[in-house]
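A.B. asks:
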Amino acid sequence: MLNIIDIEFVNFVGRRFTAGSLFIFREFRGGGAQSFITPYWHWIIAELLVLYFFYRVQWKFWRRTPRPTKTHWVGFNVIILILAVIGARGGLQKKPLSFVHANIFVTPLQNNLVLNSSFTILRSLKKETLARESFFQDQNQLRNLLNGFNLAPSLLEGQRPWLNGGATDAKPNIVILILESFALEYMGPPLNQGPGFTPYLDKMISQGQNEGTSLFFDRAYANGRRSIEGIAAIYAGIPSMMDEPFISSEFSSNYFVGLGSLLGGVGYHTSFFHGADNGTMYFDSFMKSAGVQNYFGAKDYPKAQDHDGAWGIFDEPFLKFFGEKLSSFPQPFFAGLFTLSSHAPYAIPEKYRNKFPPGPLEISASIAYSDFALSEFFKEAEKQTWFKNTIFILTADHTQKNFRPEYVYIRGMYQVPLIFYAPGYAWPKTDTHQLAQHIDVLPTIVDILNLRSESSILLGRSLFVPGEKTISNFLEPGFLAVSDDYFLLWNRPQAPVLFSHKDPLQKSPITDQPAIQTHLEDRLKASLQYFSEGLWDQKLYFPSR
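Written as structure tokens, this is what we have:
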């Protein structure tokens, strides 16, 4: 039954169900579970057939077996217990089976075919959420391999405030729009060939680039595969480099400085909006820790009829509510919104059912609906006095299912859009083809506003600071490291394997570039050690607090 669940679930998180995945069942509120499960009715039937078959076979076996004596019962149970122990440990070998024994393919996603979901849940119940890593004894050597250490000067240095437009306030408003499951491959031309589902987003990028008002980073990566991981990366600069999301892990009470604390400390009104029921994925609690003072969820929305019956308020009315609230806030304000209509079960208001034709994926129409809701929000926002004094940052929380062949590979599992749109400003000349990631958002905002922090996390850095960069991501049970020209897969305890971006399907491992491979390995290992030491020893920030 667990393996049947994973036929669909593995598409969402890129790995088998584990104990860390059980948090999803805590998100159902009221009738939400029924609405979420309904699209997968055919798998429910399969589950029931499995139960029925098991019951029938067991019943026939029971009826045809003579009533055993007490001695027979004891002997039978002893045999079953021995077989169960042998089966649970995977055989009679010296060490029981673990996740690493499934690492027979270079691509981690393929290794999920070797595993089974009963095994992954049992093995992860008492699994340490984060191993202590120790690759470097010299801390200076370690720090020199991190993205945020020994930085080159910012492109904004000496020109702050960088106002080249109609701004009326030295402190621009900051609005972050996190779009549920808006994978980079869902966008249309000119980024991707063939039709896309985001015509408004495509137009915003194209028009903004011509006018100099937008920066579109076309090689941006999410730092996780789950919404709960994306929020921590964007708002706190903390990537997902372990199985358990930071927000729900034992480390969630660690010291960290969120965007709300940074901006609230310099006079910003801070708020976060999510149309789901308050408490979903601990967003409301996390936002308090991140210094965001005001949280608006489904219970704060005035019209119950706009609820989608599953997760929360449809995107179009909730974005309208968001815009109205922004107009009531004192400036400067820092506000974030996380959409939800493009989350399974991909509900769309009845009046729009025929407006967005189904695409190659079940999510396609809901992506198009959310893109339309976004266009309606900006149509109204353009009329407001605060609009031209606002910087909008748009990205996705994570990716989703693939349909373009060029994205069906390990890097494609993490590629998301990242857009900085400032209608009242002109951006400095910036390398928008550089590697970018969610954990770069926080230091980029700090750079834009010329904020001075006593310490920072050295894993990310401002997108206005040039230099070498490595994207390091967690892949159960291994890791992915991405550089400008290469990417590295490390499925421990196997040796890391290097590939070229020109070989996205990983057909030909590179074996004749030992210096390049060693350097990328070292940068990945430095990130892992810095992250694990930072969480275990409460020294994620440098200089240490």
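Per our numbering, the sequence shown starts with residue 2, numbered consecutively. Beta carbons are placed, not taken as given, at the ideal position from N, Cα and C, and that holds for glycine.
Buried or exposed: which applies to Phe-488, given that a residue is buried once 16 or more other Cβ atoms fall within 10 Å of its Cβ?
C.D. replies: Translated into the one-based positions of the sequence shown, residue 488 becomes position 487. Classification for Phe-488: buried.
A.B. asks: In the DSSP assignment, find the beta strand (DSSP E) that holds Ile-177 and state where it starts and stops.
C.D. replies: Within the sequence shown, numbered from 1, the residue matching residue 177 stands at position 176. Where Ile-177 is concerned, the enclosing beta strand (DSSP E) stretches over 174-180.
A.B. asks: Report all residues from its chain with a CB closer than 6 Å to the CB of Trp-163; omit the five preceding and five following residues, and keep chain order.
C.D. replies: Working through the sequence shown from its first residue, we reach residue 163 at position 162. Model confidence at Trp-163 stands at a pLDDT of 49, short of 50, so the residue's coordinates are unreliable and nothing is read from them.
A.B. asks: DSSP beta-bridge partners for Leu-126?
C.D. replies: Here residue 126 refers to the residue found at position 125 when the sequence shown is read from its first residue. Its beta-bridge partners do not exist; DSSP assigns none.
A.B. asks: Excluding sequence positions up to five away, which residues of its chain have a Cβ less than 7 Å from the Cβ of Ile-314?
C.D. replies: Residue numbering aside, residue 314 sits at position 313 when the sequence shown is read from its first letter. For Ile-314, same chain residues with a beta-carbon under 7 Å away, outside a window of 5 residues either side, are Gly-276, Ala-299, Tyr-302, Asp-307 and His-308 in chain order.
A.B. asks: Decide if Ser-457 is buried, meaning its Cβ has at least 16 other Cβ atoms within 10 Å, or exposed.
C.D. replies: In the sequence shown, residue 457 corresponds to position 456, counting from 1. It is buried - the Cβ of Ser-457 has at least 16 other Cβ atoms within 10 Å.
A.B. asks: Give me the Cα-Cα distance between Asp-485 and Glu-469, rounded to the nearest whole angstrom.
C.D. replies: The count along the sequence shown starts at 1 and reaches residue 485 at position 484. The count along the sequence shown starts at 1 and reaches residue 469 at position 468. Cα to Cα, Asp-485 sits roughly 8 Å from Glu-469.
A.B. asks: Give me the residue from Thr-214, Leu-481, Ala-336 and Glu-383 with the minimum Cα distance to Pro-429.
C.D. replies: For the purposes of this step, residue 429 is taken as the residue at position 428 of the sequence shown. With distances taken between Cα atoms, Pro-429 lies closest to Thr-214.
A.B. asks: How far does the alpha helix (DSSP H) with Arg-367 in it extend, from its first residue to its last?
C.D. replies: Here residue 367 corresponds to residue number 366 of the sequence shown, with the count starting at 1. Per the sequence presented here, residue 367 reads as Ser, with Arg not at that position. From DSSP, the alpha helix (DSSP H) with Ser-367 extends over 365-382.
A.B. asks: Determine the direct distance from the alpha carbon of Ile-45 to that of Val-447, and round the result to whole angstroms.
C.D. replies: The sequence position of residue 447 within the sequence shown is 446, counting from 1. The sequence position of residue 45 within the sequence shown is 44, counting from 1. C-alpha separation (whole angstroms): 48 Å.
A.B. asks: For Ala-374, I'd like the list of residues in its chain whose CB is within less than 6 Å of its CB, leaving aside the five on either flank, ordered along the chain.
C.D. replies: For the purposes of this step, residue 374 is taken as the residue at position 373 of the sequence shown. Cβ within range, chain order: Asp-316, Glu-317 and Leu-320.
A.B. asks: Short of 6 Å in beta carbon distance, which residues of its chain neighbour Lys-172, apart from the five on each side in sequence? Order them along the chain.
C.D. replies: Indexing the sequence shown from 1 puts residue 172 at position 171. Only Pro-333 meet the Cβ criterion.
A.B. asks: Could you say if the region 459-479 and the region 133-153 meet the contact criterion of at least three C-beta pairs nearer than 8 Å?
C.D. replies: yes
A.B. asks: Within its chain, find whatever has a CB closer than 7 Å to the CB of Tyr-41; leave out the 5 residues flanking it on each side and keep chain order.
C.D. replies: Reading the sequence shown from its first residue, position 40 is the one you call residue 41. Once the five neighbours on either side are set aside, the close Cβ partners of Tyr-41 are Glu-9.
A.B. asks: I need the boundaries of the alpha helix (DSSP H) containing Thr-519, first residue and last residue.
C.D. replies: Against the sequence shown, residue 519 aligns to sequence position 518. Here the alpha helix (DSSP H) through Thr-519 covers 515-537.
A.B. asks: If the criterion is Cβ atoms closer than 8 Å, does the pair His-520 and Gly-231 meet it?
C.D. replies: Position 519 of the sequence shown, counted from the start, is the residue given in the question as residue 520. Position 230 of the sequence shown, counted from the start, is the residue given in the question as residue 231. No, the pair does not count as a contact, with Cβ atoms beyond the cut-off.
A.B. asks: Give the DSSP bridge partners of Ile-248, in chain order.
C.D. replies: Taking the first residue of the sequence shown as 1, we reach residue 248 at position 247. Paired residue(s): none; Ile-248 is not in a bridge.
A.B. asks: My understanding is that Arg-220 touches Met-414, with C-beta atoms under 8 Å, so please give their C-beta distance in whole angstroms.
C.D. replies: In the sequence shown, counting from the first residue as 1, residue 220 sits at position 219. In the sequence shown, counting from the first residue as 1, residue 414 sits at position 413. Wrong, their Cβ atoms sit about 14 Å apart, outside the cutoff.
A.B. asks: Starting from Met-201, trace the alpha helix (DSSP H) in both directions and tell me its first and last residue.
C.D. replies: The residue you call residue 201 lines up with position 200 of the sequence shown. One detail in the question is off: residue 201 reads as Tyr in this sequence, not Met. Residues 200-212.
A.B. asks: Among residues of its own chain, excluding the 5 on either side of Phe-547, which ones have a beta-carbon nearer than 7 Å to its beta-carbon?
C.D. replies: This structure does not reach residue 547, given that the chain is present from 2 up to 546, and the question cannot be answered.
A.B. asks: Measure the alpha-carbon distance for Ser-342 versus Ile-394 and round it to whole angstroms.
C.D. replies: In the sequence shown, residue 342 corresponds to position 341, counting from 1. In the sequence shown, residue 394 corresponds to position 393, counting from 1. Computed Cα separation, rounded: 19 Å.
A.B. asks: By how many angstroms is the C-alpha of His-270 removed from the C-alpha of Phe-549?
C.D. replies: Outside the shown range of the chain (2 to 546) lies residue 549, about which nothing can therefore be said.
A.B. asks: Can you check which of these residues, Ile-449, Ala-336, Tyr-370 and Ala-516, is closest to Lys-352 by C-alpha distance?
C.D. replies: For the purposes of this step, residue 352 is taken as residue 351 along the sequence shown, with counting starting at 1. Closest option to Lys-352, judged by alpha-carbon separation, among Ile-449, Ala-336, Tyr-370 and Ala-516: Tyr-370.
A.B. asks: So Gln-401 packs on Ala-184, CB below 8 Å; how close in whole Å?
C.D. replies: For the purposes of this step, residue 401 is identified with residue 400 of the sequence shown, where counting begins at 1. For the purposes of this step, residue 184 is identified with residue 183 of the sequence shown, where counting begins at 1. About 5 Å; that satisfies the 8 Å criterion.
A.B. asks: Indicate the three-state DSSP secondary structure (helix, strand or coil) for Ala-20 in the structure shown.
C.D. replies: As a first step, residue 20 is located in the sequence shown; it is residue number 19 there, counting from the start. The answer is helix: DSSP assigns Ala-20 an H, G or I state.
A.B. asks: Does Ile-440 come out as helix, strand or coil in the three-state DSSP assignment?
C.D. replies: Within the sequence shown, residue 440 is the residue found at index 439, counting from 1. In the three-state reduction of the DSSP assignment, Ile-440 falls in the helix class, which pools H, G and I.
A.B. asks: What is the DSSP secondary structure of Gly-310, reduced to helix, strand or coil?
C.D. replies: What you label residue 310 is simply residue 309 of the sequence shown in a count that begins at 1. Correct three-state label for Gly-310: coil.
A.B. asks: Within 10 angstroms of its Cβ, does Arg-493 collect 16 or more other Cβ (buried), or is it exposed?
C.D. replies: If you number the sequence shown from 1, residue 493 lands on position 492. It counts as exposed.
A.B. asks: For Thr-72, which three-state DSSP category applies?
C.D. replies: Indexing the sequence shown from 1 puts residue 72 at position 71. Note: Thr-72 maps to helix in three-state DSSP.
A.B. asks: Ignore the nearest five residues each way along the sequence and tell me which others in Arg-133's own chain have a CB closer than 8 Å to its CB.
C.D. replies: Mapped onto the sequence shown, residue 133 falls at position 132. Non-local beta-carbon contacts of Arg-133 in its own chain, meaning distances under 8 Å to residues more than five positions away in sequence, involve Ser-533, Glu-534 and Trp-537 in chain order.
A.B. asks: Provide the residue span of the alpha helix (DSSP H) that contains Ala-234, from first to last.
C.D. replies: Within the sequence shown, the letter at position 233 stands for residue 234. Run containing Ala-234: 228-237, per the alpha helix (DSSP H) assignment.
A.B. asks: Any idea what DSSP makes of Leu-164, helix, strand or coil?
C.D. replies: On the sequence shown, position 163 is the one that residue 164 refers to. Here the model assigns Leu-164 a pLDDT of 45, short of 50, so the residue's position is not dependable and the matter cannot be decided.
A.B. asks: Kindly identify the DSSP beta-bridge partner or partners of Ile-472.
C.D. replies: Taking the sequence shown and counting its residues from 1, the one referred to as residue 472 is at position 471. DSSP output for Ile-472 lists Val-483 as bridge partner(s).
A.B. asks: Buried or exposed: which applies to Tyr-422, given that a residue is buried once 16 or more other Cβ atoms fall within 10 Å of its Cβ?
C.D. replies: In the sequence shown, residue 422 corresponds to position 421, counting from 1. Classification of Tyr-422: buried, given that the 10 Å Cβ count is 16 or more.
A.B. asks: Return the bridge partner residues of Gly-189 from the DSSP annotation.
C.D. replies: Counting from one through the sequence shown, the residue named residue 189 turns up at place 188. For Gly-189, which the question treats as bridged, DSSP gives no partner whatsoever.
A.B. asks: Sorted by chain position, which residues of the same chain lie with C-beta nearer than 6 Å to Asp-7's C-beta, five sequence neighbours on each side aside?
C.D. replies: Taking the first residue of the sequence shown as position 1, residue 7 is located at position 6. Excluding residues within five positions, the ones whose Cβ falls inside 6 Å are Arg-17, Phe-18 and Ser-118.
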